[in-house]
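These protein sequence lines map, in sequence, to chains G and F. Quick note: the first sequence, position 27, residue 27 per the UniProt record's numbering, numbers continuous. Quick note: the second sequence, position 203, residue 203 per the UniProt record's numbering, numbers continuous. No residue lacks a Cβ here, since even glycine has one placed at the ideal position from N, Cα and C. Computed from a prediction, not measured in an experiment: that's the story for all the values here. Here is the structure we will look at.
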Amino acid sequence: MDKMPLLALIFQSVPESILILTLGLTLMGVELKWQRIVPAAVLSSLASYFIRELPIPYGVHTLIGIVIITLLVSIFFKTSIPVSISVAMIGIAILATVEMLILPIVIFLMGKTINEIWSSLTLRILLAIPELIVLALIAFLCIRKKVTLRSPSIYRSKLTKDREHD
Amino acid sequence: MSALSFPNYLMAVLSLGQALLITVFTQYLVYFKTSIPLSWIVLVDIVVFGNTILGFILLRKSLVVEEQDNLIRQQARHIQDLEEMIRNIRAQRHDFISHLQAVYGMLQMGKLESAREYLAEVTGDIRILTQTLKLKSPEVAALVQQKAALAANRNISFGLVIETDLSKLTVRPHNLNRILGNLLDNAMEAVMFLATKDRYVRLEIREDEQSYILSVGNSGPGIREDLREKIFEPGFSTKGENRGLGLAIVREIVQQHGGKIRVSSPPTIFTVTLPKAGAEQ
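Shown next, in the form of structure tokens:
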């Protein structure tokens, strides 16, 4: 079982969830509302904290996490299920990719094996910091440059918003 | 929002899911202290990164397809509207030319009076359209227009005065149409045996502070005083068997909505009073 310490919950999981949601929502062209993102992120972190307490095999909690984020997004942002799934998948896929890309670099810089890093709690939380910074940078750039998988000109115009209800 | 196009969307989700699974599996191996060489991790990184990018590209594709679908639907609707408009304009243009030709012909023959009457009728058609536009309920407007057209076909002059939009009406448009339809049909039937120039039906829709007043008059024969109550009874008719339900239905609907119906004659005018929403009864 993979236990998550409370410290990691507050300093790693919550910001991570916020960034996952922000990235997913930005890329799917859903309007960002921080007053909804933060509670949704806190709820998903809490859920993942409790899931890790359950006796389930490692890795399954990621899949359950996707389901939980999907539900939270569709409840908090009133999006359709396919869009919510996309938001969750995009967020978690970016997180996983960044994690996997940073890992070898960190290992190379620290000169330690992964096993050594993962067995030490401090190192594990420290490992999350560059990851969070990279994620935050990506999210910031996406919001700033209005990067989205949709065509922003079509979807953000008021005209199409009205027409969607036709 | 419409559903994302299925095959592209599925492939995008699968591709992202694959990247996730590979990541989770690698972490799983690491977690159970399996030693993985750095070169393997780099290889896994490339696969995961590639899969994520592929997922994004596919998702983008499916979103673009969805956007295009929406645009195409909007364009199609727009084109339909335009076609409808063009058809209307063509019809109007055609009518306009025939009217002008008719007036020209009459003027050439020196029939000034006929030309004047003809023009009065033509402008009457336009007037009816403009009058019905005042009504808030398209159903009622459509019925009035249809009855006006019917009257024109039967060579009945149709007078129309609409001074209210009926926005505070408590009666549903469907029921109001039953009231107006029955009264107008009766009025038209009553004038049919008259000479063409004497046929006249008039509909007035007005309001006062408390209620709406609909009156339907015709130039037909008057109704005898002793019959003025009986005509509202079910089954009573001057038009033969199996008739006489129209006015009974009208009275029922009017009374259900707290309104009144009365008839004066001659000239025969049926006046329906219907309370406005929020008015004291």
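- For Glu99/G, the uninterrupted alpha helix (DSSP H) run begins and ends at 81 to 110, by DSSP.
- DSSP places Ser98/F inside the alpha helix (DSSP H), whose first and last residues are 38 to 108.
- Excluding the 5 residues flanking it on each side, Ser265/F has same chain C-beta neighbours closer than 6 Å at Gly222, Ile223, in chain order.
- Using a Cβ-Cβ cut-off of 9 Å, Ile79/F does not count as an interface residue toward chain G, since no Cβ of chain G sits closer than that to its own.
- The C-alpha of Asn70/F is placed about 44 Å away from the C-alpha of Ala8/G.
- Take the alpha-carbon of Val64/F and the one of Lys33/G: they are about 24 Å apart.
- Spanning the alpha carbons of Ser98/F and Ala151/F requires a straight line of approximately 20 Å.
- Under a 10 Å Cβ-count criterion, Glu116/G is classified as exposed, with fewer than 16 other Cβ atoms of the shown protein chains found around its own Cβ.
- Residues of the segment 44 to 55 of chain F that bring their beta carbon within less than 7 Å of a beta carbon in chain G comprise Val44, Asp45, Val48, Phe49, Thr52, Gly55, in sequence order.
- Residue state for Gly246/F is assigned as helix, using DSSP reduced to three classes.
- Chain order gives no chain F residues near Ile133/G, where near means a beta carbon separation below 9 Å; the closest approach is about 18 Å.
- For Arg60/F, the neighbours in chain G by C-beta distance under 7 Å run, in chain order, Leu149.
- Note on geometry: alpha-carbon atoms of Ala277/F and Lys197/F lie some 40 Å from one another.
- Contacts between Ser48/G and chain F, judged by CB atoms closer than 7 Å, are missing: the closest CB pair is about 14 Å apart.
- Under the three-pair Cβ rule at 8 Å, the segment 15 to 35 of chain F does not count as touching the segment 69 to 86 of chain F.
- Relative to Leu14/F, the option among Leu58/F, Gln27/F, Leu82/F whose CA is nearest is Leu58/F.
- Neighbours of Leu103/G across chain F, judged by C-beta separation under 7 Å: Ile41.
- Gly110/F has a beta carbon lying at 9 Å or more from every beta carbon in chain G.
- Collapsing the DSSP output to three states places Leu135/G in a helix.
- Assignment of beta-bridge partners to Val201/F by DSSP yields Phe158/F, Asn218/F.
- Straight-line measurement puts the Cα of Ile68/G at about 48 Å from the Cα of Ser167/F.
- Against chain G, the CB of Leu274/F has no partner CB under 9 Å away; the residue lies outside that interface.
- Proximity to Lys146/G across Ile125/G, Ser17/G, Thr26/G, Thr22/G peaks at Thr26/G, based on C-alpha coordinates.
- For Ser86/G, a Cβ of chain F is located within less than 9 Å of the residue's own Cβ.
- Val24/F has a beta carbon lying within less than 9 Å of a beta carbon in chain G.
- Remark: fewer than three beta-carbon pairs, one from each stretch, lie closer than 8 Å, so the segment 40 to 54 of chain G and the segment 100 to 110 of chain G are not flagged as touching.
- Of the residues assessed, Lys78/G falls on the exposed side of the cut-off, its CB having fewer than 16 other CB atoms within 10 angstroms.
- Look at Ile269/F here: in three-state DSSP terms it is strand.
- The shortest C-alpha to C-alpha distance from Glu163/F to any of Lys136/F, Phe193/F, Val103/F is the one to Lys136/F.
- Assigned with DSSP and collapsed to three states, Ser120/G falls in coil, not helix or strand.
- No Cβ of chain G is located within less than 9 Å of the beta carbon of Ala248/F.
- Here the alpha carbons of Ile79/F and Ile94/G stand approximately 42 Å from one another.
- Two segments are said to touch when three or more pairs of C-beta atoms, one from each, lie closer than 8 Å; by this definition the segment 100 to 108 of chain F does not touch the segment 132 to 147 of chain F.
- Closest option to Gly111/G, judged by alpha-carbon separation, among Val254/F, Val191/F, Leu38/F: Leu38/F.
- The three-state reading of DSSP puts Val30/G in coil, since its state is none of H, G, I, E or B.
- Interface with chain G (9 Å Cβ-Cβ cutoff): Val65/F is excluded.
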